[in-house]
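*Asks:* Going down the list, the sequences are from chains A and B.
Our numbering applies: residue 1 is where the first sequence begins, and numbers increase by one.
Our numbering applies: residue 1 is where the second sequence begins, and numbers increase by one.
This is the structure I want to talk about, given as structure tokens.
Number of protein chains: 2
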Amino acid sequence: MSEIRRDLVKQNWVAVASDRALKPNDFPIAKRDLGKAAAGGFCPFCAGNESFTPPEVAVYRPDNTEANSGGWTIRTIPNKFSAFELEGELVESQKGIYNTYNGLGKHEVVIETPEHGVEFHEFDQERVYKILTMLKQRYNDLARDERIKYIQIYKNRGMFGGASLEHSHSQIVALPFVPRENEGLPQYYASKGTCLICDMVQQECTEKERVIWETEDFVLICPYASRFSYEAWIIPRRHTEHFGQINEQEMDSLAHILLTYTRAMIDCLQDPSYNFVINTAPVNVDHQSGYHWYIEVTPRLLVQAAVEVATGIYINPVAPEISAQMLKESLSKLI
Amino acid sequence: MSEIRRDLVKQNWVAVASDRALKPNDFPIAKRDLGKAAAGGFCPFCAGNESFTPPEVAVYRPDNTEANSGGWTIRTIPNKFSAFELEGELVESQKGIYNTYNGLGKHEVVIETPEHGVEFHEFDQERVYKILTMLKQRYNDLARDERIKYIQIYKNRGMFGGASLEHSHSQIVALPFVPRENEGLPQYYASKGTCLICDMVQQECTEKERVIWETEDFVLICPYASRFSYEAWIIPRRHTEHFGQINEQEMDSLAHILLTYTRAMIDCLQDPSYNFVINTAPVNVDHQSGYHWYIEVTPRLLVQAAVEVATGIYINPVAPEISAQMLKESLSKLI
């Protein structure tokens with residue numbers, strides 16, 4: 001079983017797998033093996049290998065196919081190496097000065113395609129639409145469990161994006177507490193009485209210098225304080241707190257925008273490692289105004305060095321005003 | 001000039017180089033060029049290439065040699081690509097909803113050896129002692145400027161440690177504000193009336209299960225909430241707030257411990273990328289009790305993935321109780 005331990009100095013939480021002993025050689029960096037499966041290795045996410053994963057919790061597959069067999073389009077499974085298990089209640093324990101929680105929660109993997117080696121930016125729009133629909137469905141399902149307080153949807157692509165398997169997939173972590181990373185949103189609302197993200201969209205669309213793309217439903221910008229070079233945010237114009245509240249028109253539009261933008265970014269940055277993160281409101285807690293869901297797309301061109309880990313201050317060598325210009329140029333070839 | 005921009009959502013600071021346009025190909029990850037200099041490329045840190053760096057701000061060199069010529073042992077220079085400049089006063093500006101500071105501060109590089117390709121763990125103890133002495137001297141010098149509020153000393157080693165040059169070096173960033181990363185220390189003191197680090201040392205030395213090494217002056221542990229697999233802290237037993245307050249006996253002892261431990265860690269983890277960070281008290285601010293300097297040694301066996309960047313929750317697949325066991329075993333071969 002895992003524990004969620006409190007870092008008393010930095011006030012972070014750490015999910016510690018207290019029952020596994022990963023040896024230095026077991027780490028993907030040491031093995032440099034992200035590409036192995038493609039070169040003939042074994043991949044548990046490939047069609048035909050369903051029995052090597054835990055049973056699916058949600059799936060898009062034809063009616064005449066059996067669960068956990070081939071034939072599926074998109075498949076959601078529990079993460080085999082999850083630090084979390086949704087069983088019992090959240091229990092805090094004290095060990096001298098330290099405190100820790102049991103690893104209550106859930107960690108799922110959405111396998112985006114049965115085909116190994118086809119990447120997100122190579123999918124057709126229909127598949128991207130279905131992936132987003134699956135993510136929305138899982139979000140809303142997981143939010144029904146009152147023990148869950150925050151749902152983090154994300155994608156790691158490439159060695160420097162933290163991916164440990166090459167086969168295209170997204171992940172969902174459902175946590176028993178609200179991480180403090182987005183606390184600026186309710187705080188801004190409490191002090192100004194307006195939504196930070198709405199105010200940001202208004203200022204960006206007036207100033208234009210960090211805007212990559214404006215559509216009817218979404219605005220794409222390089223944020224003013226971009227932590228990563230060429231970081232972009234995809235923001236829905238409609239003020240909605242939860243990703244799970246996205247409507248049909250927005251979903252259609254998002255599938256188009258996310259796919260097109262990813263292709264432009266891949267072209268502009270010459271096939272980088274990257275992450276997607278869906279930033280959304282907490283669930284099953286007292287309502288706080290000021291949340292507004294949006295997607296962060298962060299290319300990983302630099303490794304976070306000691307100064308960033310130690311101080312929490314990011315150093316970004318490319319101004320977002322310049323990034324926006326370059327990303328816009330690549331995008332203009334596609335739209 | 002650079003700007004320090006406030007991330008309103010995450011409440012981080014981002015140092016943005018607003019006058020440079022690093023192209024995707026300029027990033028070390030794209031070039032994979034950390035080894036180039038060794039293979040015949042040009043290295044500005046090598047003896048003989050002093051004119052390619054900014055003039056030295058501190059140096060250990062024989063009396064009969066000229067500044068910025070060869071013959072030195074350890075050499076401190078301003079970081080050529082610094083995001084910070086120590087000129088004028090800290091000025092906040094407001095741009096609509098955003099706020100930003102000028103890049104007031106200093107960023108220095110300590111070149112640890114004139115010889116390219118000799119790594120920290122290959123130095124003799126005398127050199128490590130001198131490096132630590134140089135770092136102490138720079139710390140105390142920089143702390144004299146009242147505009148500086150926090151001094152971060154660190155080392156990036158290897159591609160996954162965020163190093164951009166292979167030649168062995170440490171770095172010092174002097175910041176105009178106190179990052180919030182260590183706020184747990186004064187908070188613990190305020191609530192308990194004792195020092196968290198002292199209490200931690202006491203509990204660890206009683207429980208023993210996370211202790212790697214106990215000496216007269218220092219204790220080495222894998223911290224209870226280790227963010228990184230095989231993370232270790234080197235803690236002075238004497239309660240001292242600032243690294244600059246280290247005394248002669250401790251310095252001698254630290255040179256021995258740091259060198260020996262690094263060799264053990266390199267052996268245990270098969271030559272990983274890693275970081276050193278010296279965690280110390282703020283300077284030139286109202287005194288707050290509870291700080292106690294120590295060194296974090298963090299191997300970088302995994303890339304920080306989206307979930308960690310997005311939520312601030314670290315996932316550590318190796319329990320510190322197991323890490324401590326393995327590191328201790330490697331250490332036992334050396335002491």
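In this text, a Cβ means the ideal position worked out from N, Cα and C, and glycines have one as well.
By the 10 Å Cβ neighbour count, where 16 or more other Cβ atoms means buried, how is Gly193 of chain B classified, buried or exposed?
*Replies:* Classification of Gly193 of chain B: exposed, given that the 10 Å Cβ count is below 16.
*Asks:* Using the Cα positions of Asn49 of chain A and Cys43 of chain A, report the straight-line distance between them to the nearest angstrom.
*Replies:* Approximately 8 Å, taken between the alpha carbons.
*Asks:* Determine the direct distance from the alpha carbon of Trp213 of chain A to that of Glu56 of chain B, and round the result to whole angstroms.
*Replies:* Approximately 46 Å, taken between the alpha carbons.
*Asks:* Mapping the DSSP letters down to three states, classify His121 of chain B as helix, strand or coil.
*Replies:* Note: His121 of chain B maps to helix in three-state DSSP.
*Asks:* Of all Cβ atoms in chain A, is any one closer than 8 Å to the Cβ of Asn64 of chain B?
*Replies:* Not closer than 8 Å to any Cβ of chain A, the Cβ of Asn64 of chain B fails to qualify, so no.
*Asks:* Check whether the region 124–137 of chain A touches the region 61–69 of chain A, taking contact to mean three or more Cβ pairs, one atom from each stretch, closer than 8 Å.
*Replies:* In short, these stretches do not touch, since the Cβ pair count stays below three.
*Asks:* Compare the C-alpha of Pro236 of chain A against each of A:Ala305, A:Met251, A:Arg127 and A:Leu259 and name the closest.
*Replies:* Among A:Ala305, A:Met251, A:Arg127 and A:Leu259, the Cα nearest to that of Pro236 of chain A belongs to A:Met251.
*Asks:* Please name the residue, chosen from A:Phe228, A:His239, A:Ser273 and A:Leu90, that lies closest to Arg147 of chain A on a Cα-to-Cα basis.
*Replies:* Among A:Phe228, A:His239, A:Ser273 and A:Leu90, the Cα nearest to that of Arg147 of chain A is on A:Leu90.
*Asks:* CA-CA distance, Ser253 of chain A and Leu334 of chain A?
*Replies:* Each residue's alpha carbon lies about 16 Å from the other.
*Asks:* Quick test of the definition: if touching needs 3 or more C-beta pairs under 8 Å, does the region 187–201 of chain A touch the region 154–172 of chain A?
*Replies:* They do not touch, by the three-pair rule.
*Asks:* Report the option in A:Ala190, A:Tyr139 and A:Glu115 whose CA atom is closest to the CA atom of Tyr291 of chain A.
*Replies:* Closest option to Tyr291 of chain A, Cα to Cα, is A:Ala190.
*Asks:* At the 8 Å Cβ level, is Arg227 of chain B part of the contact set with chain A, yes or no?
*Replies:* Yes, Arg227 of chain B counts as interfacial toward chain A.
*Asks:* Quick one: grab the DSSP three-state call for Val201 of chain B.
*Replies:* In this structure, Val201 of chain B counts as helix in the three-state DSSP scheme.
*Asks:* So which residues of chain A does Gly162 of chain B contact, with C-beta pairs closer than 9 Å?
*Replies:* Those within 9 Å of Gly162 of chain B in chain A are Leu302, Val303, Gln304, Ala305, Ala306, Val307, Glu308 and Val309.
*Asks:* The alpha helix (DSSP H) spanning Gln270 of chain B covers which residue range?
*Replies:* Premise fails: Gln270 of chain B is in no alpha helix (DSSP H) and is neither H nor E.
*Asks:* Using a Cβ cut-off of 8 Å, which residues of the region 135–162 of chain A contact any Cβ in chain B, in chain order?
*Replies:* So the list reads Tyr150, Gln152, Tyr154, Lys155, Asn156, Met159, Phe160, Gly161 and Gly162, given in the order they occur along the chain.
*Asks:* Between which two residues does the beta strand (DSSP E) carrying Val303 of chain A extend?
*Replies:* Segment: none, Val303 of chain A is in no beta strand (DSSP E) and carries neither H nor E.
*Asks:* Does the beta carbon of Arg6 of chain B come closer than 8 Å to any beta carbon on chain A?
*Replies:* At least one chain A Cβ lies under 8 Å of Arg6 of chain B.
*Asks:* Can you tell me the Cα-Cα spacing of Glu296 of chain B and Met159 of chain A, whole angstroms?
*Replies:* When rounded, the distance between both Cα atoms is 25 Å.
*Asks:* By how many angstroms is the C-alpha of Ala58 of chain B removed from the C-alpha of Ser153 of chain B?
*Replies:* It should be pointed out that residue 153 of chain B corresponds to Ile in this sequence rather than to Ser. Cα to Cα, Ile153 of chain B sits roughly 16 Å from Ala58 of chain B.
*Asks:* Using beta-carbon positions only, say whether Thr53 of chain A and Lys10 of chain A come within less than 8 Å of one another.
*Replies:* Cβ atoms of Thr53 of chain A and Lys10 of chain A: not closer than 8 Å.
*Asks:* Is the CB-CB distance between Arg5 of chain B and Val16 of chain B below 8 Å?
*Replies:* Against a cut-off of 8 Å, the Cβ pair of Val16 of chain B and Arg5 of chain B comes out as a contact.
*Asks:* Pro179 of chain A versus chain B: which residues are under 9 Å apart at the beta carbon?
*Replies:* Within 9 Å Cβ-Cβ: Ala310, Thr311, Gly312 and Ile313.
*Asks:* Does DSSP put Val128 of chain A in a helix, a strand or coil?
*Replies:* Note: Val128 of chain A maps to helix in three-state DSSP.
*Asks:* Determine the contact status of Thr311 of chain B and Pro320 of chain A, defining contact as a CB-CB distance below 8 Å.
*Replies:* Against a cut-off of 8 Å, the Cβ pair of Pro320 of chain A and Thr311 of chain B comes out as no contact.
*Asks:* Helix, strand or coil for Glu214 of chain B per DSSP?
*Replies:* Looking at Glu214 of chain B - three-state DSSP - the assignment turns out to be strand.
*Asks:* Residues of chain A with CB under 9 Å from Asp199 of chain B, in chain order?
*Replies:* Those within 9 Å of Asp199 of chain B in chain A are Gly96 and Ile97.
*Asks:* So Glu231 of chain A and Thr280 of chain A are supposed to be a Cβ contact under 8 Å. How far apart are they, rounded?
*Replies:* About 18 Å; that fails the 8 Å criterion.
*Asks:* Report buried or exposed for Lys106 of chain B, applying the criterion of at least 16 other Cβ atoms within 10 angstroms of its Cβ.
*Replies:* With 16 or more other Cβ atoms within 10 Å, it is buried.
*Asks:* Alpha carbon to alpha carbon, what distance is there between Phe276 of chain A and Gln245 of chain A?
*Replies:* Using only the alpha carbons, I get a separation of about 19 Å.
*Asks:* For Cys268 of chain B, which residues of its own chain have a beta-carbon under 7 Å away from its beta-carbon, when the five flanking residues on both sides are left out?
*Replies:* Once the five neighbours on either side are set aside, the close Cβ partners of Cys268 of chain B are Met326, Leu327 and Ser330.
*Asks:* Just curious, the alpha helix (DSSP H) that Ala47 of chain B is in, first and last residue?
*Replies:* Ala47 of chain B -> no alpha helix (DSSP H), and no H or E assigned at all.
*Asks:* Rounded to a whole number of angstroms, what is the C-alpha to C-alpha distance between Phe120 of chain A and Val109 of chain A?
*Replies:* Distance between the alpha carbons of Phe120 of chain A and Val109 of chain A is about 15 Å.
*Asks:* Counting contacts by CB-CB distance shorter than 8 Å, is Ile131 of chain B in contact with chain A?
*Replies:* Taking Cβ atoms only, chain A never reaches closer than 8 Å to Ile131 of chain B, which makes this a no.
*Asks:* Hey, quick one: how far does the alpha helix (DSSP H) through Ile148 of chain B stretch, first residue to last?
*Replies:* Careful: Ile148 of chain B lies outside any alpha helix (DSSP H) and carries neither H nor E.
*Asks:* Going by alpha carbons, who is nearest to Val285 of chain A out of A:Arg144, A:Gly71, A:Glu85 and A:Gln125?
*Replies:* For the residues A:Arg144, A:Gly71, A:Glu85 and A:Gln125, the minimum Cα distance to Val285 of chain A belongs to A:Arg144.
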